[in-house]
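Visitor: In this note's numbering, the protein residues as written are 2 to 185.
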Ligand code: CO
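Right under this line is the structure:
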């Protein structure tokens, strides 16, 4: 079973999500939820998923950038984006600190299906959060991993990439490929 991913226009995507308690994180229902969200992210496929995207205003998100997703992509594009595999990680109740200069690349969102736009993002971030066991963790990330973290943590605050995009760069995925906009 997987969840249906809600699309832009649904109010839950614009809500501030609430923090989870330690007891909730360790409960069977949240453990089950994490497994189902992971399956939903993999099926999509996506490199990140936040609870509001399945209709739940909770401060819970996950990231995974698998080797097999990267294999079909031009190595020069991966290098430019500093995109490297990221093992599955659960992010709960995060606080994020942005660092480094902003970099601009096309990105998309499973909740804005079919579109992409250039979004300036910090090149480096530091995230303090709880993991799936409710243990505190610090994630220091750069490049594409830092971009995904910013995108997913935005979801927990009711923010979508369209709020940060260069509006005139908005394109369908089809036209992004057709006009090679992504490899400028
Ligand atoms: Co998204």
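Glycine is no exception: its CB is placed at the ideal position from the N, C-alpha and C atoms.
1) Could you name the residues whose beta carbon sits closer than 6 Å to any heavy atom belonging to the ligand CO, keeping them in chain order?
2) Could you pull the start and end residues of the alpha helix (DSSP H) that residue 108 belongs to?
3) How would you label residue 151, buried or exposed, when you count the other beta carbons within 10 angstroms and need 16 or more for buried?
4) Does the separation of the CB atoms of residue 60 and residue 6 fall below 8 Å?
5) Classify residue 74: buried if its beta carbon has 16 or more other beta carbons within 10 angstroms, exposed otherwise.
6) Report the three-state DSSP secondary structure of residue 165 (helix, strand or coil).
7) Determine contact between the region 108 to 116 and the region 89 to 97, defined as no fewer than three beta-carbon pairs at a distance below 8 Å.
8) Quick check on DSSP: helix, strand or coil for residue 38?
9) In the DSSP assignment, the alpha helix (DSSP H) including residue 6 goes from what residue to what residue?
10) If you reduce the DSSP assignment to three classes, tell me which class residue 73 lands in.
11) Report the residue from 31, 106, 15, 34 whose alpha carbon sits nearest the alpha carbon of residue 149.
12) With a threshold of 7 Å, establish whether the CB of residue 145 neighbours any heavy atom of the ligand FMN.
13) Go ahead and label residue 32 buried or exposed: buried means 16 or more other beta carbons lie within 10 angstroms of its beta carbon, across all protein chains shown.
14) Whole angstroms are fine: how far does the CA of residue 121 sit from the CA of residue 25?
15) Beta-carbon within less than 7 Å of residue 141's beta-carbon, same chain only, minus the 5 sequence neighbours each way: which residues are those?
16) Name the DSSP bridge partner or partners of residue 55?
17) Can you give the Cα-Cα distance for residue 125 and residue 155, rounded to whole angstroms?
Guide: With the structure as the only source:
1) 110, 111, 112, 152, 156
2) Per DSSP, residue 108 belongs to no alpha helix (DSSP H); it is in the beta strand (DSSP E), 87 to 108.
3) buried
4) no
5) exposed
6) coil
7) no
8) helix
9) Note, residue 6: premise wrong, no alpha helix (DSSP H); not H, not E.
10) coil
11) 106
12) Because the ligand FMN does not appear in the structure shown, any question about it cannot be addressed here, the ligands present being the ligand CO.
13) exposed
14) 35 Å
15) 127
16) Looking at the DSSP assignment, residue 55 forms no beta bridge with any residue, so it has no partner.
17) 15 Å
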